[in-house]
Structures are given as C-alpha cells and as structure tokens.
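Undergrad: Residue numbers (my numbering): 11 to 568. In this text, a Cβ means the ideal position worked out from N, Cα and C, and glycines have one as well.
In structure tokens, the structure reads:
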C-alpha cells in the first residue's frame, strides 16, 4: 500500500507541475534570482531557495515540502477517489518518530486529517487553505512555507532526523537537483493549442519586488545537494526529481543528428556561458498559401521601381569570365558535382544531373540567401498607413528576386517562424538551383505571418544551405520586423539576443556574412550588439523596403 501511495504521490508531482520550468523560475524570482542555477549536468539546484535560512535551512525545507505535498495530494484526490483516506490511514498506522522529526510528522498528519474532513474552520490551519485550490502552484507552497516559518516554533532538525519527518508515501522534494520539465500538450503534435506555460496566473509568477542578496554559502550539510549526475526516472531512491525526456531537458538532448522533429542545433545560454546541445529543432516545410494574382498586382505596382533597379544593375554588369557551377548543361563537367552525383546514384538515390559548369560573365562570385522573418507581427498595419507590413515584405522579396535574375548571381529565398525551441519552421521558397517560376512568385504573393522569431536557429539552418552554393563569397540577408523572441524565452529578452549574436558569429566563422534589414524603428537599440556596427540597416520608412532590398544587395556585392 505504501508503495502504491508513493507512486501516486510521485506521479502527482509531475502532473501538477512541481518541476515545470516556468514555475521553478518563478520560485527563484521570489528570492531575487532571475534564473535558477544549474549543476554540471544541467539540473536545477534548489540551494539558493534555502540559503537565506542559514543553519535553519532544513527546517524551512521541511515546511516547504509539507506545503507542496499537501497541494499535490489535494490535487490527486480530485482525480483518485479515496486517495487521501488511504494516505491518512497509512499515516495513522505508522509509528511516531521519537526525535525532532516528531512535530513535523504530526503537523503533516494533522493537515492531511483536516483536508480529509473537508477543511473545516480551524485557525491553526487557515494558512493552508490556498493550497487546496485548483489554481494553486508550487509558488504558493513556497510563500505559505515562509509564513509558517515565521510563525511556528518547530524545533531545529538534523539531516539524519529529517528522513523520519515525512508521512508514508512522501519523501524530500526540494533537496535533490531536478531536470526542469516543459508542460506537454497537443501543441507538441501540431494542433496549435496553448502550452501550460501560457496560462500561468500572473500573480503566481510575479517577481518579488524586494530583491535581496543570497549568501554564497549557507551552513548545514545536505548530501542531496551534491548528488552526482545520473539519469533518473523519479521513482527510485528519492521521489520528486522530475523525468528527463529527450528534447525537453536542458542540456540532455542526445541522439541522432536527424529525427522526426527535424534537425537539431545547439543554442547558446549566456546565463551558463555554454551551449545547450541539440536544443533547437528546425523542420523544413513548404508554404502552401499561393496568390499569383497578388504577385502580379505587386509587380505592376512597383514596375517603375523595378525598371530603375535594372538600369542600376546594368552599371554593375560583369567584367570577366567566371564559372557558374552545378548547371544542367555547360561547357565542361563540374568535378565536385560529378563525384557527388555518382556517389548518390550508387547509394540508390535519385540525384539531380546538374553536373556541368558554364563560363559566363560574372562581376562577383557571390551567392546570397534572403531569409525573411514571417512571424505574426508582419500582419500588423503599417504605422504610415496604406496596408500591412506583410504587403511590403511580399513586394520587397518579389523585387529582390526579379533583380537577382537580372544580376545573374545565385540566390535563394526562405522564411522562418517558431513556436518553442523544438518547433522552428524553415520555409524554403526558392533554392540556389531553382528558377524563378510563376509558382515561386505565387508563394511570395501569398506570404502571411505566423508564430514567433527564434532567429538564431534559423540563421544556423540557413548557413548550412550554403554548403552546396555555387560561389565562394556568401551573403545572408535577414529581413525582420522585430527583435528575436519566442514563447518559451521566459520573458528574458537577452536570452535569444545572445543566442542570435552567437549564431551570427558562427556564420562569419563559416564564411557567410550576415546582414540584417529591419523594419523595427527601435532596432538600433539591439542590432549593434547582435550583428555589429555596419552590418544592419534600420529602415526609417517601411514603404522604402521594396526598392531598398535589391539596392542593399547591390551595394554589398561591390
């Protein structure tokens, strides 16, 4: 019976979000920490929560566990009939501890009995009432534990005595390092419903306005704080440690280079000063919204601007012969492409027969990818009026493509959006070897906004697209209307800023030169730190975008 109760209790902690990431971060905000500390195995350590209590740390930890256990057990009782009655029966049958643990054990048993009785009016139990609510969280348990600590006279307790203070089926929760969990829901499987993260009550996660320093060390030895890294299921030894899951555990995404979730990329965490391996997952997808009529309308509307651009391009016409690689016909074989073709053919694949090189006039051996941020915000109305931001982005990408056809440089077009770190969508619109077809124009004419902007992952994926680009000089043009952000960044703007900055650095190291064009009037406040001085452009007028995009490229390719 005790084993069954322990199993239900452990499952209850997981189901009731005791180890869910956002609640844990809110806990650390309560003690003036913006982010929870990690151990060497990327597990959250609880010590800063208790450090302020010094030698009395174990006493507060027991009160915190008692409150959180009551919250969880009350929630379990709403799902499992007679659970509390069984738990109380086990507690009544257990012998009372004979040391300092006894008053803690008795208090826990009394709160359980009070709950079974329907929580009648009882002045000594009033503080526990909020924990019985459906909306209660581990943050409430922490706050109530602090109230109890200040108002009770429970005796000091030692580590050996602590293990006897818990009721049958319960054991320490807030001592052992845990892997933070993310609430899983149907959004994980593409239905688009909101994550539990999005419905946390504001009052539950509001930071404590009275920030205070936490002592670097606190008296009181607890071996639970120094448990070596290990995989754990949450049911062996101590309970309440969370369940590590692939792609949901900080620093624990191990596995193949590819999976059904897409391609994984590392992500930089400035708080720990390290990369989180296989953290952001990028899936390549197709844009299915087509609007050829809109594309034709925009090309007609901007025909004068396109005509001026083409005249400007004539002044940059090629001055020397240079090879254009990976063509379907040409003057000679492209050795690298031929070898790749034969290897793929022998592997049973169906490679494209673009194995020739053409000699043509090229001013610069340059390849460019235009990567557009197509997050939800592009559907907003332009501040200057006259339509939406997305209308200017459609026109800008269309004019860019038409101009590139005139220039003759290899180019590709793509867009990106995201919803959480494991759902970054990369939309390839035109590859380097593809032609500018009516279908491509229709895709550009049908562009629409969706979700958020995990820019670092998109940049890393775009850089891999240059692996087979038929040029040595490579340029990544990023078109955005705002700062990097995602639903799971915890409100920490700096987190994805720093990751994007590192992604830009990685791109430069790989021989790709990123340049950002932003429609965000406040872009000059953060883009210098991300892209560096001279590697971004803030457009003062959104209406300038269609003509500015090709002009920027022509200036950069000189």
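Does residue 12 come out as helix, strand or coil in the three-state DSSP assignment?
TA: Correct three-state label for residue 12: helix.
Undergrad: So what does DSSP say about residue 136, is it helix, strand or coil?
TA: Residue 136 falls in the helix class under three-state DSSP.
Undergrad: Mark residue 338 as exposed unless 16 or more other C-beta atoms lie within 10 angstroms of its C-beta, in which case mark it buried.
TA: By the 10 Å Cβ count, residue 338 comes out exposed.
Undergrad: For residue 100 and residue 179, which I take to be in contact (beta-carbon distance under 8 Å), what is that distance rounded to the nearest angstrom?
TA: With a Cβ gap of about 6 Å, residue 100 and residue 179 count as contacting.
Undergrad: If residue 289 and residue 277 are in contact, beta carbons under 8 Å, what's the gap, nearest whole angstrom?
TA: Yes, they are in contact, since the Cβ atoms of residue 289 and residue 277 sit about 4 Å apart, within 8 Å.
Undergrad: Which runs of the alpha helix (DSSP H) spanning at least 4 residues fall entirely within the segment 513-559, listed in chain order?
TA: Complete alpha helix (DSSP H) runs here, min 4: 537-541.
Undergrad: Any contact of the segment 515-534 with the segment 550-559, i.e. 3+ C-beta pairs under 8 Å?
TA: These segments touch.
Undergrad: Reducing DSSP to helix, strand and coil, say where residue 378 ends up.
TA: Three-state result, residue 378: strand.
Undergrad: Comparing alpha-carbon positions, which option in 401, 402 and 423 lies nearest residue 411?
TA: It is 423 whose Cα lies nearest to the Cα of residue 411.
Undergrad: Which of helix, strand or coil does DSSP assign to residue 32?
TA: If DSSP states are grouped into helix, strand and coil, residue 32 belongs with the helices.
Undergrad: Going by C-alpha to C-alpha distance, which of 502, 465 and 546 sits closest to residue 512?
TA: The shortest Cα separation from residue 512 among 502, 465 and 546 belongs to 465.
Undergrad: Residues in its own chain within less than 6 Å of residue 28 by CB, not counting five upstream and five downstream?
TA: These residues qualify, in order along the chain: 148.
Undergrad: Within the same chain, show all residues whose beta-carbon is closer than 7 Å to that of residue 438, passing over the 5 residues directly before and after it, in chain order.
TA: So the list reads 294 and 424, once near-sequence residues are dropped.
Undergrad: Considering only DSSP beta bridges, list what residue 438 is partnered with.
TA: DSSP output for residue 438 lists 424 as bridge partner(s).
Undergrad: Spatial neighbours of residue 523 within its chain, please: C-beta separation below 6 Å, excluding the five flanking residues on both sides.
TA: Taken in chain order, the residues that qualify are 485.
Undergrad: With DSSP as the reference, identify every bridge partner of residue 487, one or two as the case may be.
TA: DSSP output for residue 487 lists 380 and 525 as bridge partner(s).
Undergrad: Secondary structure at residue 509, three-state DSSP: helix, strand or coil?
TA: Residue 509: helix per DSSP, three-state reduction.
Undergrad: How many angstroms separate the CA atom of residue 385 from the CA atom of residue 283?
TA: Near 28 Å, if we compare the C-alpha coordinates of residue 283 and residue 385.
Undergrad: Could you tell me the boundaries of the alpha helix (DSSP H) in which residue 303 lies?
TA: 302-311 is the span of the alpha helix (DSSP H), which, as asked, contains residue 303.
Undergrad: Could you spell out the range, first to last residue, of the alpha helix (DSSP H) harbouring residue 285?
TA: Per DSSP, residue 285 belongs to no alpha helix (DSSP H); it is in the beta strand (DSSP E), 284-295.
Undergrad: Per DSSP, what are the beta-bridge partners of residue 342 in this structure?
TA: 367.
Undergrad: May I ask which residues mark the beginning and end of the alpha helix (DSSP H) holding residue 114?
TA: Its alpha helix (DSSP H) spans residues 112-126.
Undergrad: Per DSSP, which one or two residues make a beta bridge with residue 333?
TA: In the DSSP output, where bridge partners are listed per residue, residue 333 has 369.
Undergrad: Among all the DSSP beta bridges, which residues are the ones paired with residue 495?
TA: Its beta-bridge partners are 463.
Undergrad: Would you give the residue range spanned by the alpha helix (DSSP H) that residue 176 belongs to?
TA: Here residue 176 belongs to no alpha helix (DSSP H), and DSSP marks it neither H nor E.
Undergrad: Alpha carbons only, please: which of 317, 432, 382 and 427 is nearest the one belonging to residue 271?
TA: Minimum Cα distance to residue 271 is reached at 432.
Undergrad: Might you give, ordered along the chain, the residues of its own chain that have their beta carbon closer than 7 Å to the beta carbon of residue 37, omitting 5 neighbours on each side?
TA: Result list for residue 37: 59, 148, 149 and 152, in chain order.
Undergrad: Are at least three pairs of beta-carbons, each pair with one atom in the segment 394-409 and one in the segment 353-369, less than 8 Å apart?
TA: Counting Cβ pairs under 8 Å, fewer than three are found: no touch.
Undergrad: With respect to the alpha helix (DSSP H) encompassing residue 93, which residues constitute its N-terminal and C-terminal limits?
TA: Run containing residue 93: 93-103, per the alpha helix (DSSP H) assignment.
Undergrad: Mind checking residue 171: buried by the 16 CB within 10 Å criterion, or exposed?
TA: Per the 10 Å Cβ criterion, buried.
Undergrad: Mind checking residue 390: buried by the 16 CB within 10 Å criterion, or exposed?
TA: Flag for residue 390 reads exposed.
Undergrad: Work out the CA separation of residue 183 and residue 117 for me, nearest whole Å.
TA: Answer to the nearest angstrom: the Cα atoms are 17 Å apart.
Undergrad: For residue 135, collect the residues of the same chain with a Cβ closer than 6 Å to its Cβ; drop the 5 residues on either side in sequence, then sort them by chain order.
TA: Taken in chain order, the residues that qualify are 124.
Undergrad: Relative to the alpha-carbon of residue 487, which residue among 73, 503 and 545 has its alpha-carbon at the smallest distance?
TA: The shortest C-alpha separation from residue 487 is found at 545.
Undergrad: Can you find the residues in the same chain that come closer than 6 Å, C-beta to C-beta, to residue 79, ignoring five residues on each side of it along the sequence?
TA: 180, listed in sequence order.
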